[in-house]
Each structure stands twice: as C-alpha cells, then as structure tokens.
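Student:
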Amino acid sequence: MLEIFLCGNNYIEDNASYFASETFDKVFAFSDKKLIRQIVKEIDNCSLDYDTKLVSNQFGINQHLTKLSLGCQTALNVLLNPDKIFFGHECGDTAFDLILLLDGKIRLNWLPYSDNTYDEILYRVHTTPTDYEDITYKEAMHRYGTY
Amino acid sequence: MEHIKTKYRDLVVDLDLSRHITVVVGESGTGKTLIYEMLPKQINGKLIHKFTYGATLRYVIEEIKDSSFDLFVFDRTELMFTDPLAEELKKAINSDTANTFLLFGRETTGLNVTLKDIKQLQFDNNTLSLV
Chain A
34 MLEIFLCGNN
44 YIEDNASYFA
54 SETFDKVFAF
64 SDKKLIRQIV
74 KEIDNCSLDY
84 DTKLVSNQFG
94 INQHLTKLSL
104 GCQTALNVLL
114 NPDKIFFGHE
124 CGDTAFDLIL
134 LLDGKIRLNW
144 LPYSDNTYDE
154 ILYRVHTTPT
164 DYEDITYKEA
174 MHRYGTY
Chain B
4 MEHIKTKYRD
14 LVVDLDLSRH
24 ITVVVGESGT
34 GKTLIYEMLP
44 KQINGKLIHK
54 FTYGATLRYV
64 IEEIKDSSFD
74 LFVFDRTELM
84 FTDPLAEELK
94 KAINSDTANT
104 FLLFGRETTG
114 LNVTLKDIKQ
124 LQFDNNTLSL
134 V
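Quick look at the structure:
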C-alpha cells in the first residue's frame, strides 16, 4: 500500500542525493530486475545495462544511473526504501502514476491530479500526525483537492 | 538573450528565449536537467548563471540585481521554491528587466507568467527544442 503524507516534516526532501548515496546500490541488488527495467523504461524511456551500470536514454547518450530523471529516482527511492518517506513533487505525470502503484511512502503538499483512479487500490492518506484513512485516490482528490 | 543553439555530443539544443521568463514543464525524462547541466557558463559573450536546489538564494538574488543581459537558469524549482527566501527570489525575477530567466520545474506560483511563457521540450531529429 502506498502511504501518502499530507503533513509532517519527517521526510527526505532531496531525492537525488538520497538516490546517489543510498538507493543506487539497492537498484542492482534488487532481485526483480524486470521491475527495475520496467520503471526506468516507462518513466525515462531508458534501457538499463546491469553490467556497465549505465542507462542509455532516448537521446542516444549513455549515462550514469544517477542521471535518471528526478521522477524516476523518486520512484526507485520509494520502491527500494519502503520505510522512508520521500518528497513526491519532482515527478511528471507518468512517474507519479507509476508511484501510485508501488508500496512505500510519499510526502505531498497537495494531491497531483491523476487519471489513475483504480477503485480497488486504497491509499493510506495521513492528514495529521495521528489521523489517517484508507481511501481510493479518486476519493482523496475529491476530499483534499488537487493542484 | 533571445536564442541559444548549442550541441552536446550528437544532441542539438535549440532554445527560443525571447520571453522574459520561460518555464519548462513536462514529463520526467524529457531532458530538463540534461539541458541545465550541459549549458556552458557563457554563450556569445553572454554569461549563463546556473542554480539548482541547494543554492543560497540570498546570493542568487544579489547576482540577479548585479547582472544585465545575462541568462539565469534554475533547475528543480519545485524544491528551490520551498526555501524561505523563495518569495523574495520570485519578486527579484518578476521585477528584473535586464536579464532573461529560464526555469526548469513545474512550480509557477508567484511568477509573472502566462501560458505563452510555459513550454515543454520536444525531441525531434536529434534536436531538443521548446514548444
């Protein structure tokens, strides 16, 4: 279940720094390589080479994994560090829609609009340090508004 | 600074900067940070000042006030604009008439921009341009 925090300061603000220092090695240690490749492909349209640890992007440039977009780094941070809360606003629509399908935790100041409104997926929306409710994203957008 | 055309490896970057402020929004992985990183420190004798999340906004504001006819480029504005001095920075950008501003990020609150100032990146024929 993805937990969405609309309050609190106990979150990781800088996804890029955390990705470089903590998540990078976890990417290559994670057993589901297919999922990692799918995330990188879907968000950044890149191919990940596990041998060279480089990504080749749509511009024909091979780059270090830390050059993935912030949206992609945020998604991988959320996936590979499920006990940490990550700032969730440096994401485009595709990245955010994908994060909504992961288990993990994100901190949002408002709810980005999403067409991704699966009725069967519930999100734990934390509105105060002690209060939360398990609702669909569609319901969350309705109750708490979107930007 | 009205127009930048430069090259990074085989990739051509062609940016129309005729607006006072240009905000580049759009999907992840479209090249926003790539462009930010590959822009040189000057083009055609004009200085390019680059700032990303973590920059000391007090110094950035001073630099804007001390500069003329330069290009200021900001990346990761979603985070940069959470800084306590963000409103002062936006005020400096809005009131400045001497420089050109290029902002990468989806946060436009408080900036004097219209829809014409908000662009996305297009990749076509090995060229990244603003649309």
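Residue numbers (the working numbering), protein chains in the order written: chain A, 34 to 180; chain B, 4 to 134.
We treat Cβ as the ideally placed atom computed from N, Cα and C, and that holds for glycine.
Quick caveat, the model's predicted, so the values are computed rather than measured.
Which ranges does the alpha helix (DSSP H) cover as unbroken runs of at least 4 residues, wholly within the region 38-93 of chain A, from first to last along the chain?
Tutor: 48-51, 57-62, 66-77
Student: Taking 8 Å as the cut-off, decide whether the C-beta atoms of residue 83 (chain A) and residue 57 (chain A) are in contact.
Tutor: No, they are not a contact pair.
Student: Between residue 126 (chain B) and chain A, is the shortest Cβ-Cβ distance under 8 Å, so that the two count as touching?
Tutor: yes
Student: If you follow the beta strand (DSSP E) that residue 166 (chain A) is in, where does it begin and where does it stop?
Tutor: 165-168
Student: Can you check whether the C-beta of residue 17 (chain B) is within less than 8 Å of a C-beta belonging to chain A?
Tutor: no
Student: Does the separation of the CB atoms of residue 15 (chain B) and residue 106 (chain B) fall below 8 Å?
Tutor: no
Student: Any idea what DSSP makes of residue 154 (chain A), helix, strand or coil?
Tutor: coil
Student: In chain order, which alpha helix (DSSP H) runs of at least 4 residues are fully inside the region 28-63 of chain B?
Tutor: Fully enclosed alpha helix (DSSP H) runs of 4 or longer: 35-41.
Student: For my contact list, residue 130 (chain A) and residue 149 (chain A) are in at a C-beta cut-off of 8 Å; report their separation, rounded to the angstrom.
Tutor: Their Cβ separation, rounded to whole angstroms, is 4 Å, which keeps residue 130 (chain A) and residue 149 (chain A) in contact under 8 Å.
Student: Would you mind giving the Cβ-Cβ distance between residue 138 (chain A) and residue 38 (chain A), rounded to the nearest angstrom? I have them listed as a contact below 8 Å.
Tutor: Yes, they are in contact, since the Cβ atoms of residue 138 (chain A) and residue 38 (chain A) sit about 7 Å apart, within 8 Å.
Student: Return helix, strand or coil for residue 134 (chain A), following the three-state DSSP convention.
Tutor: In this structure, DSSP gives residue 134 (chain A) a state outside helix and strand, which the three-state scheme calls coil.
Student: Just the C-alpha distance for residue 93 (chain B) and residue 107 (chain A), rounded to the nearest angstrom, thanks.
Tutor: 26 Å
Student: Measuring alpha carbon to alpha carbon, tell me which residue in A:152, A:158, A:153 is nearest residue 143 (chain A).
Tutor: Ranking A:152, A:158, A:153 by Cα distance to residue 143 (chain A) puts A:158 first.
Student: Against chain B, does residue 93 (chain A) count as a neighbour if the rule is that its beta carbon must be under 8 Å from one of theirs?
Tutor: yes
Student: Under the three-state reduction of DSSP, which class applies to residue 116 (chain B): helix, strand or coil?
Tutor: coil
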